[in-house]
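Residue numbers (numbering that gives the first Met the number 0), protein chains in the order written: chain E, 0 to 316; chain D, 0 to 316.
One structure is given here, and the rest of the page talks about it.
Protein chains: 2
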Amino acid sequence: MRARYVLPDFRIAVVGTGAIGGYYGAKLAYLGRDVHFLVRGDLRRVQRSGIRIRGKAENIRLAKVKCYSATADIGPCDLVLIAVKSTANAALSDLIPPLLHERTMLLTLQNGLGNEEFLARHFGAERVLGGLCFICLNRVSPGVIEHYDHGRLVVGEYNRYPAARTHDISWEFKRCGVVCTVAQNLGLERWRKLVWNVPFNGLAVVTGGLDTAAILARDDLRATALELMDEVIGAANKCGYPLPTAAALDQMKRTETMGAYRPSTLIDFAAGRALEIEAIWGEPLRRGIAAGAEMPRLTALHAQLEAIDQARQHPAK
Amino acid sequence: MRARYVLPDFRIAVVGTGAIGGYYGAKLAYLGRDVHFLVRGDLRRVQRSGIRIRGKAENIRLAKVKCYSATADIGPCDLVLIAVKSTANAALSDLIPPLLHERTMLLTLQNGLGNEEFLARHFGAERVLGGLCFICLNRVSPGVIEHYDHGRLVVGEYNRYPAARTHDISWEFKRCGVVCTVAQNLGLERWRKLVWNVPFNGLAVVTGGLDTAAILARDDLRATALELMDEVIGAANKCGYPLPTAAALDQMKRTETMGAYRPSTLIDFAAGRALEIEAIWGEPLRRGIAAGAEMPRLTALHAQLEAIDQARQHPAK
Chain E
0 MRARYVLPDF RIAVVGTGAI GGYYGAKLAY LGRDVHFLVR GDLRRVQRSG
50 IRIRGKAENI RLAKVKCYSA TADIGPCDLV LIAVKSTANA ALSDLIPPLL
100 HERTMLLTLQ NGLGNEEFLA RHFGAERVLG GLCFICLNRV SPGVIEHYDH
150 GRLVVGEYNR YPAARTHDIS WEFKRCGVVC TVAQNLGLER WRKLVWNVPF
200 NGLAVVTGGL DTAAILARDD LRATALELMD EVIGAANKCG YPLPTAAALD
250 QMKRTETMGA YRPSTLIDFA AGRALEIEAI WGEPLRRGIA AGAEMPRLTA
300 LHAQLEAIDQ ARQHPAK
Chain D
0 MRARYVLPDF RIAVVGTGAI GGYYGAKLAY LGRDVHFLVR GDLRRVQRSG
50 IRIRGKAENI RLAKVKCYSA TADIGPCDLV LIAVKSTANA ALSDLIPPLL
100 HERTMLLTLQ NGLGNEEFLA RHFGAERVLG GLCFICLNRV SPGVIEHYDH
150 GRLVVGEYNR YPAARTHDIS WEFKRCGVVC TVAQNLGLER WRKLVWNVPF
200 NGLAVVTGGL DTAAILARDD LRATALELMD EVIGAANKCG YPLPTAAALD
250 QMKRTETMGA YRPSTLIDFA AGRALEIEAI WGEPLRRGIA AGAEMPRLTA
300 LHAQLEAIDQ ARQHPAK
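Rendered as structure tokens:
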């Protein structure tokens, strides 16, 4: 085995122990990796009761969790999983530096576009990798993560071909029971995921809470979803990511088999949390338009989501 | 004066004493017309305290209101103002018959498309007139109507040119201080009003509560409103109503001067009342598509509104 970049005694940090960070971090720790969790609100509970993952296919309890309220207490790590909401990225400027040594790798597991760029800008592009999480999780109480479905992770390099370290990281996840593959072109995969997230996460919110099955049950919403998908594919192409037109129908077919799935943004919305509007809608819209794509439907959807989000943050309005 | 169709001793009924019915009925009664109000929930309060209209430009108290809980107690009238929400049209099949004699005129003051057709189908097309209310009212408590702005009424015949009776009715309203004009083509005016109602009433709801000023403050929502207007104008044209393309910019300019206006559907939404989705969005969409118009944006907006409305009616979902 030539794992030069990820060794058994690697120190791993998880920044943002919500559903995603808690899940993938606990999976690594459960099989013996040295994982250190930054835990904000839930610290006491996680110290006392650990992290629990409950699901159809797995039921894991990580009793002893190395958890911290500040990254300075963790110190330099070899790999950092970043799983705060993209709306909290500004906080990373302070959270990340204590975790860095010269070759620390930063793997963002966040949604949408712009997160790798943020990390590259602040901490150097060569550190940055991205992961796409195809999983349905919900943090139902402090330290308790409900795992509803899927679980696949796709990791890739930021603006580079996969390297030895990319495969090593993928291997580490696989070792711990996570279905993980390496993306040849991370940007392309991010756009491909947006083909789904843009319509379904968005329509779920602007319809007042429809799940995927309810959206698909209406021909008009299905048509709207397809039109949004076409716009995202058009924008991806203009931005140099060759997504085929058929990607829309592919995603539709995949969605048919999902059942009544509540997209992450709908879960955030229902829980009163901030919505990841910039990462999922704003940044793709900005890039698409800058590249000359026409995106009237995404413009309208993005505007609605922003207005809804702002109205929630300033309910007096 | 040749008022053959509307005489001083005409009996007038108001079916639906909400903001619109209460306002225009009280204006007629205040200047001595014989107006009989069907009042459902607020009957006791209106019997005791009358109808009050409060506004910047008027402050009227109609102390003695002839009000009834059933139209059978009113009996045949010469003119019936219909001002129930279009969502309650089914109830009209029972409410209207006791008010009819051979020449009773039915003037619907309801929003959107389809109300004249409903009345024509049930009670004969020759009785039916329509009125468009350009007014901002809110029934703030039983019998108390806040009059925020405007007040113009446009009356016309259903699928016919205006007749002597149309002008007589208009004259009656003018006599009572209402700015009233006669529409040469009622259908055209209904579509013209939709050019405004479709985007602004709709976007106000799907953005979580933005008023007109807040919508106009965002370039993206302004663009979305214009695109919706273009679709409505295209549909009107396909349906045989020659609205010029410039109608969109005209309406936009008019809206700039309105200030922070809360469209009626937003007021209904905030009050938890049913939304007039079919009249304002569903029927125009259906007619437009049947006539060969392309309406992807209206399709999406209508779908969202229906979903939001249904989610409110079945909050368990």
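Even for Gly, the Cβ is constructed at its ideal location relative to N, Cα and C.
Under DSSP, D/Arg53 takes part in a beta bridge, and its partners are D/Asn58 and D/Glu145.
Spanning the alpha carbons of E/Asn184 and E/Ala71 requires a straight line of approximately 33 Å. Interface annotation, E/Thr264: not in contact with chain D, CB-CB separation never under 8 Å.
Between E/Tyr67 and E/Val45, the C-beta gap is not smaller than 8 Å, which leaves the two residues out of contact. Collapsing the DSSP output to three states places D/Ala12 in a strand. The beta carbon of E/Gly287 is closer than 6 Å to those of Ala234 and Met294 in its chain, skipping five residues each way along the sequence. Closest by C-alpha distance to E/Thr298, out of E/Glu277, E/His313, E/Gln312 and E/Arg311, is E/Glu277. Cα atoms of E/Lys237 and D/Ala290: separation of roughly 35 Å, rounded to the nearest angstrom. Taking C-alpha positions only, D/Pro161 is separated from D/Ala182 by approximately 7 Å. Linking D/Pro198 to D/Pro262 through their CA atoms gives a straight-line distance of about 10 Å. Listed in chain order, the alpha helix (DSSP H) runs fully inside the region 144–185 of chain D are 163–174, counting runs of at least 4 residues. Close to E/Glu226, with beta-carbon spacing below 7 Å, are these residues of chain D in chain order: Pro295.
Against chain E, a Cβ distance below 7 Å from D/Ile276 picks out nothing, because the smallest value is about 12 Å. Beta-bridge analysis with DSSP links D/Val127 to D/Leu105. At a cut-off of 8 Å, the C-beta of D/Gln250 has no neighbouring C-beta in chain E.
Looking only at D/Lys26, D/Leu99 and D/Gly111, the smallest Cα-Cα distance to D/Gly123 is reached by D/Leu99. Under the three-state reduction of DSSP, D/Ile288 is assigned to helix. Interface annotation, D/Ile73: not in contact with chain E, CB-CB separation never under 8 Å. Any Cβ of chain D closer than 8 Å to the Cβ of E/Ile307 would place that residue at the interface, and such an atom is present. Under the 10 Å beta carbon count, E/Leu78 is surrounded by 16 or more other beta carbons and is classified as buried. Listed along the chain, the chain D residues whose CB falls inside 7 Å of the CB of E/Gln303 are Val205 and Thr206.
Using a Cβ-Cβ cut-off of 9 Å, D/Arg217 is close to Ala302, Glu305 and Ala306 of chain E, given in chain order. Distances from the CA of D/Val34 to each of D/Phe172, D/Thr86 and D/Asp148 were compared; the closest alpha carbon is that of D/Phe172.
For E/Ile73, there is no enclosing beta strand (DSSP E), as DSSP marks it with neither H nor E. Residue-level contact check: E/Leu220 touches chain D, since one or more beta carbons of chain D fall below 8 Å from its beta carbon. A distance below 8 Å separates the beta carbons of D/Ile81 and D/Val14. For E/His35, the uninterrupted beta strand (DSSP E) segment begins and ends at Asp33 to Leu37. Taken atom to atom, the span from the alpha-carbon of D/Leu304 to that of E/Glu125 is near 47 Å.
Between E/Thr211 and D/Pro96, the alpha-carbon positions lie close to 46 Å from each other. In the assembly as shown, D/Leu209 is a buried residue. Its beta-carbon has 16 or more other beta-carbons within 10 Å. Taking C-alpha positions only, E/Pro75 is separated from E/Arg272 by approximately 30 Å. Annotation: E/Thr180 has no Cβ neighbours in chain D at a cutoff of 9 Å; minimum Cβ distance is about 34 Å.
Contact between the region 55–64 of chain E and the region 20–29 of chain E is present: 3 or more CB-CB pairs across the two stretches fall below 8 Å. D/Ala310 belongs to the set of residues whose beta carbon lies under 8 Å from a beta carbon in chain E.
The C-beta separation of E/Ala302 from D/Asp219 comes to about 4 Å, placing the pair in contact by the 8 Å criterion. Secondary structure of D/Arg261 (DSSP, three-state): coil.
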